[in-house]
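Chemist: Provided herewith is a single structure, encoded as structure tokens, for subsequent inquiry.
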Amino acid sequence: MSPGIRRAAVGIALAGLALDQLTKTLVLEHLEPGVPVDIIGSLVRFTLIRNPGAAFGLGSGSTLVLSVFAVLALLASIAVGLPRIRRMSHGVTLGLLMAGISGNLFDRMFREPAPMLGHVVDFIQLPYFAIFNVADMCVTSAAALVILLGFRHQPAREQEGVAA
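Following the working numbering, the numbering of the sequence shown begins with 231 at its first residue and continues without gaps.
So, in structure tokens, the structure goes:
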């Protein structure tokens, strides 16, 4: 693996984590919980909530399990993913994934009510959708890239209908 790809992945992960935590710090300082602030009309609003669960408020009673899973996913990304990436596009994808995992894991580790039980700070609200944060955008972007790259990088043998 090229050291440049590893550096890019780690750089993206650290930049994403920093942006996530900066935006959360700003909204915690400037927004009242549950009081929406229109950013782009009613299309994009900031509404501060603290989420003990996962996406769409699912798993709100499983914060510890989600925290442990995030620790394991981040460790696997570092120990298994980083050494195996060979393309810059994969480095970008892994960096975004690590940014998202670490951003929400930071909240679970260091925010109230307790370590490993902390609530994730969410604030970006779109109509008829969950309230989310920058870390969530990183994970979602990584998932979209996995799908797109999966279609783009098919071995030639599979394209011809020959089993690999």
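Built from N, CA and C at the ideal position, the CB exists for glycine as well.
1) Of the choices M318, F336 and A360, whose alpha-carbon is the least far from that of T277?
2) Report the residue ranges of all alpha helix (DSSP H) runs contained in full by the stretch 250 to 309; include only those spanning at least 4 residues, in chain order.
3) Identify the residues that DSSP records as bridge partners of V350: which are they?
4) Distance, Cα to Cα, G291 vs V265?
5) Do we get a CB-CB distance below 8 Å when we pair G348 with the residues of chain B?
6) Are there 16 or more other CB atoms within 10 angstroms of the CB of V257, so buried, or fewer, so exposed?
Modeler: In this structure, then:
1) A360
2) 293 to 306
3) N281
4) 24 Å
5) Annotation note: the requested chain B is absent from the structure, which comprises a single protein chain.
6) buried
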